[in-house]
Each structure stands twice: as structure tokens, then as C-alpha cells.
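Quick note on the numbering used here: the sequence shown kicks off at 1082 and runs consecutively. Everything below concerns the one structure shown next.
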Amino acid sequence: MPQKSDIWLLWAILFGAIAGLACGWWFGPTMQPIGWVGDLFLDILKMLILPLIVAAVISGIGGLGDIRQLGRLGGITVGYYFCTTALAVLVGLILVNIIQPGVGVDTFSADSPTDVIDAGSATGISDLVRSLVTPNLVDAAANLQLLPIIVFCLLFGAALTTLGERGRTVVDFFNGLNEAMMKLVMWVMYLAPVGVFALIANTLGQAGGGAAFWQELQAVGWYTATVIIGLFVHFLLLLAVAGWLGGRGLDYLRAMGRALIMAFGTGSSSATLPITMSAAEAGGADPKTLRFVLPLGATVNMDGTALYEAVAVMFIAQAYGIDLGFTAQTLIFITATLAAIGAAGIPQAGLVTMVIVLSAVNLPLEGIGLLLAVDWFLDRCRTTVNVWGDSVGAVVVGRLSGQTTR
Ligand code: ASP
């Protein structure tokens, strides 16, 4: 049962988000002076990420007590991530073929976003594999490169499970650290209504307010609609997966509400991670499982991003009048899945890794310029689905690996 204070907090955060939308919409750029409040809130969240991940992953894996359990848990987690990401791409491809949002779109007005293209072109598939490790853990920590840190903590936790009593002493230390970090997250959560308000009002204000945003939206209206319908369908499919495989339904969705609103407010799965973990624990996901599944999910499992990349790339092909057959779309299916895995959990990272997908099917990279104006908004929508995908993963993996959830 969610506590009364949790329900109040959810309403307060929802109110903050709606008020932020309304103020950003009406007052436009005049909301920018409060931008620092949102940035301050984001910085506080980011300050928690590193110690939280280290403590959570080591205590989660160390708590399994047996290295074979880790293999099983890891296998189920990777299987879940892969299946749901592939499902998301499929939903995107089906919808974009039915709606055909790019047909008749004027491509001449597209500015060539050279910075995005340069950043994306520097990333290859081999870089995705290499990003699993780092030659310098301190450097990775300083730059919030979470994946190699998670891999290290995973191995470290696994090693502890083989050391018997002495290993358990170390795991106990990380259990305590994890509890302290969760307490800090709870305190920070009380700032969330104001933080979310400032973040949303400022971003909409920067986009020029409601009237300017509405105009931009209409220019690529069908594209935006296709992505949003796809995200919504996938959101519901995930809810069904949660019910079917995880034994949890609307109650869990309600428990995760604050994390989902935070994801929309920040546009970053990583910055939302502390709140995702605390909400999933309050929602009854198995603590040992979620400590492993959620940090990993925030960095590699991005259903919303995968769906968006597939739709966006097909949209660009349609806008340029390039017909992509079954083989090319299969290539999009594979590369969009990989590009989503490679995208960092930070705002608009998916826009950059989309270059991998466009290059794979030889589409003009400057087509990305068509998507820029509305990307800040779609980024927030897809981040919400990314976080929901991770949260469902926590209950599904917990159930399938035999850990209990209430
Ligand atoms: N902003 C997304 C996230 O953090 C990634 C992306 O699609 O750009 O999950």
C-alpha cells in the first residue's frame, strides 16, 4: 500500500509539472530567470547518482549470495531489455509505414546540424562495445559515464559473493551506504514539485512559449503524432507485460508516477534514476533485483529512444522521397536497437546516435535538421517511456528470477 505522504507527493509533483507547462506556455521567455532553480535541482539529483549506483549495484549483487544467481538474473535482464526494445522498434516501424508522416514534407527548410552530425559520426558499433569498460574509473566517474562503473561494480559484487564471511562484511557496508543514499533521495524528492515546475517552465520558455512551440509542432505535426502514438502504444504494451509477467498493474504505475513525471521534467533517465529506484522500492519491486536492473536499465535500456529513432529515420527517408524496402527496414530495426542501447541517459542523446542508423541505410544526415525544433519535447516523452520500461523490467525480472515482489 502506498503511504499517504507518497500520494501527496505524487499530486504535488503533478501539480508542479502542469503549472510549469501552463506558465511556460503563457509567459514564454519571461520564465527563463527561474531556469537556475531547475538546474540546481538537476545538479542535486546528479550529485546522488554516483554513490547511489555504486552502493546499490554492489549491495544488490552481493546480496544474491551466489554467483550462479547472478548469471540467471543477468540473462533474464538482458533478455527482457532486448525483447522490449525490439518490440518498441517494431511498433515504431509499423506505425510509420501506416501513417507515412514524411510524405510531402518540405526538406529545403532543414538546417544542417553539423555539431550533432559530427558527434554522431564519431560513434561506431565498436565504440558501443568499448563503452562497457574504461581505462580510468576515476575519469569515468568524473564524467558520469555510468556504464563502465556499473560493469565494475557488478564484477566487484560478484567477487564478494565468493569470499564467504569476509565478503559479507563488505556487502554489509554497502547495504548501509545504500540505505543512507535512499534516505537522501527521499529528502531530495520533497524539492521535486518546485524543481519540475522550474525545469518545464524554463524549457518551454526557451522554445519561445506556447504559440511558437505550437507553430513548430504543426510543421512536423504528423511526425510528432506518430512518435507520440507509438510511445503511448508501447507504454500500454509495457503495462500489459508488467501485469502478465510481473504480476503488477495499475498500482505499480501509480507508484512509479513521480519517477515518470520526473523523467518528463528532466529529459534524462540517469538524472531520474535515484527517484526511479526509490519509487520502485516503494511500489514493491524486489530490492535486490531493482538495484541491479534499474541502474543498468537507465544506461542501456531505452525503449522510447529505440521507437523514436526508427520513426525518425523512416520519416527522413519519406521526406526525401527515398523508398526503403524490407531489407533496409530490417537494417533500421537492428541499428535502431543498437543506437538506443548506445545512447546515454542524458537529454537528446538519441538525436546523436541516430546518425548510426541514418548512415547504415545511406540516408542524408542533414535530414536530422527536420527534427530539431520539436526534439526537446519528444525527448521528454521518450525518456518517460524509457524510465517506464526500466521500472517494468524491475518487477518482471524479479518475478522471473524467483525473487519475491509484493
Ligand atoms: N533523453 C533520453 C534518456 O535520458 C535519451 C534520448 O533518447 O535522447 O533516456
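For glycine and all other residues, C-beta sits at the position ideal for the given N, C-alpha and C.
Give the DSSP-derived three-state secondary structure of residue i in the structure shown.
i       : result
TYR1401 : coil
GLY1276 : helix
SER1140 : helix
ARG1329 : coil
GLN1150 : helix
GLY1365 : coil
THR1215 : coil
GLN1226 : coil
PRO1182 : coil
THR1243 : coil
TYR1389 : helix
GLN1296 : helix
SER1351 : helix
SER1482 : coil
GLN1287 : helix
ALA1323 : helix
MET1383 : coil
ASN1467 : helix
Report back the beta-carbon spacing between residue i and residue j to the nearest angstrom; my notes put them in contact at under 8 Å.
i       : j       : result
SER1351 : ILE1130 : 6 Å
LEU1066 : GLY1423 : In the structure displayed, the chain extends from 1082 to 1487; residue 1066 sits before or after that span and is not available.
MET1270 : LEU1090 : 6 Å
PHE1108 : GLY1276 : Not really, about 18 Å apart at Cβ, beyond 8 Å.
GLY1105 : GLY1286 : 5 Å
ALA1093 : PRO1274 : 4 Å
Buried or exposed for residue i, please, with buried defined as at least 16 other CB atoms from any protein chain shown within 10 angstroms of its CB.
i       : result
THR1158 : buried
SER1140 : buried
ILE1313 : Checking the sequence shown, residue 1313 turns out to be Phe, not Ile. By the neighbour-count rule (16 or more Cβ atoms within 10 Å), PHE1313 is not buried but exposed.
VAL1170 : buried
SER1349 : buried
GLN1299 : exposed
PRO1114 : exposed
VAL1184 : exposed
ASP1492 : Residue 1492 is absent from the structure shown; the chain starts at 1082 and stops at 1487.
PHE1458 : buried
ILE1356 : buried
ILE1179 : exposed
ASN1256 : buried
LYS1369 : buried
Under the criterion of a Cβ to heavy atom distance below 7 Å, does residue i qualify as lining the ligand ASP?
i       : result
MET1383 : yes
GLN1429 : yes
SER1350 : yes
ALA1424 : yes
ARG1463 : yes
THR1305 : no
THR1386 : yes
ASP1460 : yes
ASN1443 : no
LEU1432 : yes
ASN1178 : no
ASN1467 : yes
If we count Cβ pairs, one from each stretch, closer than 8 Å, do we get three or more for the segment 1313 to 1321 versus the segment 1458 to 1472?
yes
Does the segment 1443 to 1454 touch the segment 1335 to 1350, meaning 3 or more C-beta pairs lie closer than 8 Å?
no
Does the segment 1383 to 1397 come within contact of the segment 1428 to 1438, defined as at least 3 CB pairs closer than 8 Å?
yes
Three Cβ pairs or more, each shorter than 8 Å: is that satisfied between the segment 1110 to 1124 and the segment 1274 to 1288?
yes
Would you check if the segment 1295 to 1309 and the segment 1133 to 1151 touch, i.e. whether three or more CB-CB distances between them fall below 8 Å?
no
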